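Under my numbering, the first residue of the sequence shown is numbered 342, with each subsequent residue one higher.
The structure under discussion appears below in the form of structure tokens.
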Amino acid sequence: MELLFLGTGGSVPTPERNTVAIALRHGPEVLLFDCGEGTQRQFMRSSFSFMKVTRVFVTHLHGDHFLGLPGLIQSMNFNGREKALLIYGPEGTMQMVESVLHLGLFDLGFDVVARELADAEMVEGDDFTVKAIKVEHTVPALGYVFEERGSPGRFRPDRARELGVPEGPLYARLQAGESVTVGDVIVTPDMVLGASTNGIKVSYSGDTRPCEAFMEAARGSDVMVHEATVESSLVDKARIFGHSTAEEAARLAASAGARKLYLVHFSGRYEDPAVLLEEASNYFPESYLAVDLMVIDVRKHKAAISHQFQDVRPGDDPNDHPLPRDQHRI
Ligand SMILES: [Zn+2]
Ligand SMILES: [Zn+2]
């Protein structure tokens, strides 16, 4: 499972940063969180294919979070896409998608389905859920929490034999989570299964002031992606425009018990946002700056992987570009 930062800038693109878009590759699906202008071109510079995007989760309807959709959809169409594209977002998303689909002259060859999500509403995938959380911005806005369903423990035939369960269909029923009766004894799945494992949890704040509801929903995230638009000396600006400072993002990640925090949505005032990382690290040591085209192997819980577009050659595996931890630190 990999997380790709396609854009990490807030409000407007800069020479260093595209506006926000984050892709999560999970099994056959690529989930896209926000889609800033130029997202499709960022995809082309990465090892991810935009044709594989199955669902887009828009946090809110400020342009830096969705203006990449018209071009992305038209390029998907140009490339012969047939599979439906699902677009989720807060109130106003259906109208936005409707407008996008009527922008310019083209015949759409696939379904684009928009769905507006309420606070705490859940989107169900094959083996994951994405929960929408109402956050605190200047317009209706959602944060998202992706959670992979955990896997049950491995079946232990030795234990089953000890309990007198005959090999055959009863094994299958126990593995499927059912209890079975052998003679007078009820054998429950937990008696014959090893320890279960929790699934991966990834949370993304979108644009928001530090938000209690998001913190609660994101509790225990393996990776938290939180906006950190400015440094704490500009907290008054952050309050007015509904954003978080790096310190606020880091404090929230610490309260939520996140393993890793990736900061995004940097103000265009920072050519190099290192000052934001320095600030965040004081409150949450496992803080990192997201960089455009950085890829994280979420399952390994480590931030060891990155590539910049100028380094990429055809067929390059991003995993071959280890990024020393200190490279994104002061
Ligand atoms: Zn924004
Ligand atoms: Zn915004």
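Every residue gets a Cβ at the ideal spot worked out from N, C-alpha and C, and that includes glycine.
All figures in this text were calculated on a predicted structure; none of them were measured in a lab.
Checklist line | Distance cut-off 7 Å: Gly351 Cβ against heavy atoms of ligand 1 | finding: yes
Next item on the list: Compute the minimum distance between the beta carbon of His403 and the heavy atoms of ligand 2, and state whether it is under 7 Å.
Entry: yes
Note to self: Any heavy atom of ligand 2 closer than 7 Å to the beta-carbon of His443?
What the structure shows: Not a single heavy atom of ligand 2 lies less than 7 Å from the C-beta of His443.
Notebook entry, point to check: Should Ser585 be labelled buried (16 or more other beta-carbon atoms within 10 Å of its own) or exposed?
Noted result: A residue is called buried when at least 16 other Cβ atoms come within 10 angstroms of its Cβ; Ser585 meets this threshold and is buried.
Margin query: Suppose the cutoff is 6 Å on Cβ atoms and the five residues either side in sequence are ignored; what does the same chain contact list for Glu395 look like?
Written below: First, the residue type needs correcting, since residue 395 is Thr and not Glu in the sequence shown. These residues qualify, in order along the chain: Glu370.
Item checked: Chain-order list of residues whose beta-carbon lies under 8 Å from that of Leu449 (same chain, five-residue window excluded) -> Only Ile414, Asn418 and Leu442 meet the Cβ criterion.
Next item on the list: Could you check what DSSP says for Tyr545 in three-state terms: helix, strand or coil?
Entry: strand
Checklist line | Exposure label - Lys641; buried when at least 16 CB within 10 Å | finding: exposed
Item checked: Length of the line joining the Cα atoms of Gly466 and Gly598 -> Roughly 25 Å separates the two Cα atoms.
Check: Using the C-alpha atoms, what's the distance from Arg560 back to Ile527?
Finding: Straight through space, the alpha carbons of Arg560 and Ile527 are spaced by roughly 36 Å.
Next item on the list: Using only the heavy atoms of ligand 2, determine whether one of them is closer than 7 Å to the beta carbon of Asp548.
Entry: yes
Next item on the list: Whole angstroms is fine: what's the gap from Ser492's alpha carbon to Asn539's?
Entry: 7 Å
Check: Which partner residues does Lys601 have in the DSSP bridge list?
Finding: Val564
Next item on the list: Classify Ser573 as helix, strand or coil using the three-state DSSP reduction.
Entry: The three-state secondary structure of Ser573, taken from DSSP, is helix.
Note to self: Ala461 and Gly547 - do their beta-carbons sit closer together than 8 Å?
What the structure shows: Not a contact, by the Cβ cut-off of 8 Å.
Notebook entry, point to check: Of the residues Gly421, Asp375, Asp452 and Thr470, which one's Cα is nearest the Cα of Glu568?
Noted result: Asp375
Notebook entry, point to check: On the premise that Leu344 lies in contact with Gln383, defined as a C-beta separation below 8 Å, what is that separation, rounded to the nearest angstrom?
Noted result: That pair is no contact at about 14 Å.
Notebook entry, point to check: Do you know how far the Cα of Pro431 is from the Cα of Leu458?
Noted result: 5 Å
Note to self: Spatial neighbours of Val533 within its chain, please: C-beta separation below 6 Å, excluding the five flanking residues on both sides.
What the structure shows: Hits under 6 Å: Arg497, Arg500, Ala501 and Leu515.
Note to self: Using 8 Å for Cβ pairs, my map puts Tyr629 next to Ile363. What's the rounded Cβ distance?
What the structure shows: Not quite, the Cβ-Cβ distance comes to about 14 Å (not below 8 Å), so this is no contact.
Checklist line | Buried or exposed by the 16-neighbour rule on C-beta atoms within 10 Å, applied to Met385 | finding: exposed
Checklist line | Cβ shell of Ala595 (< 8 Å), same chain only, five flanking positions each side left out | finding: The answer, listed in chain order, is Tyr624 and Phe625.
Next item on the list: Return the residue from the list Glu378, Lys578 and Ile541 that minimises the CA-CA distance to Thr479.
Entry: Lys578
Item checked: Residues near Val653 by beta carbon distance below 7 Å, same chain, minus five either side -> Note that Val653 has pLDDT 34, beneath the 50 cutoff, so the model's placement of it is unreliable and the number below is only indicative. Excluding positions up to five away in sequence, the list reads Arg386.
Checklist line | Span separating the alpha-carbon of Val361 from that of Ala425 | finding: Distance between the alpha carbons of Val361 and Ala425 is about 23 Å.
Check: What does a CB cutoff of less than 6 Å around Pro551 pick up in its chain, not counting 5 residues either side in sequence?
Finding: Ser585, Glu589 and Leu593
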